[in-house]
Amino acid sequence: MCLAIPARISTREPNGMAVVDIMGVTRTVSLDLVPEAVEGDFVLVHAGFALQIVDEQTANETLELLKTLPFFTEDEGLLVEGA
Numbered sequence: 032m033c034l035a036i037p038a039r040i041s042t043r044e045p046n047g048m049a050v051v052d053i054m055g056v057t058r059t060v061s062l063d064l065v066p067e068a069v070e071g072d073f074v075l076v077h078a079g080f081a082l083q084i085v086d087e088q089t090a091n092e093t094l095e096l097l098k099t100l101p102f103f104t105e106d107e108g109l110l111v112e113g114a
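Here the sequence shown is numbered in our numbering, starting from 32 and rising by one per residue.
Listed below in structure tokens is the structure:
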């Protein structure tokens, strides 16, 4: 199963990359698919790419739903190998 995880763009890099915050964890992702995204936007992230811009309410609702899945724990976040 593949999931796209909501993340907030913390820093937009000039090279088309961005640092995003996913529930307190930072990652660098490509903005090639959403070049219009700016700092503060919420994006859906999968496989190192921001796929789509979403509003804050949708992002928060999705994160709350993810917390109910069996592979998620409050202390450790998403338990995905290599994440």
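Even glycine gets a Cβ: it sits at the ideal position worked out from N, Cα and C.
Being a predicted model, the structure only gives us computed values, none of them experimental.
Using the beta-carbon count (16 or more within 10 Å), is residue i buried or exposed?
i    : result
D72  : buried
G113 : Confidence in G113 is poor, its pLDDT being 42 and thus under 50, which makes the residue's placement unreliable; the coordinate value appears in the next sentence. Exposed, because fewer than 16 other Cβ atoms sit within 10 Å of the Cβ of G113.
Looking only at its own chain, which residues have a Cβ that is under 6 Å from the Cβ of residue i, when we skip the five neighbours before and after it?
i   : result
E70 : I40 and R43
Q83 : L75
Excluding sequence positions up to five away, which residues of its chain have a Cβ less than 8 Å from the Cβ of residue i?
i   : result
P66 : G47
D63 : G47 and F80
A35 : L75, V76, H77, L82 and Q83
Give a yes or no on whether the C-beta atoms belonging to residue i and residue j are separated by under 8 Å.
i   : j   : result
A68 : V74 : yes
Tell me the rounded alpha-carbon separation between residue i and residue j.
i    : j   : result
E95  : P37 : 11 Å
P101 : T59 : 26 Å
V51  : A81 : 9 Å
T89  : P45 : 27 Å
Might you give, ordered along the chain, the residues of its own chain that have their beta carbon closer than 7 Å to the beta carbon of residue i, omitting 5 neighbours on each side?
i   : result
G79 : V60 and S61
Closer than 7 Å: is that where the CB of residue i sits relative to any heavy atom of the ligand SAM?
i   : result
F73 : Here there are no bound small molecules, and the ligand SAM is not part of this structure.
Please name the residue or residues paired with residue i in a DSSP beta bridge.
i   : result
V69 : V69 is not bridged to any residue.
P45 : DSSP lists no partner for P45.
L75 : P37 and Q83
T99 : According to DSSP, T99 bridges with nothing at all.
D52 : R39 and T57
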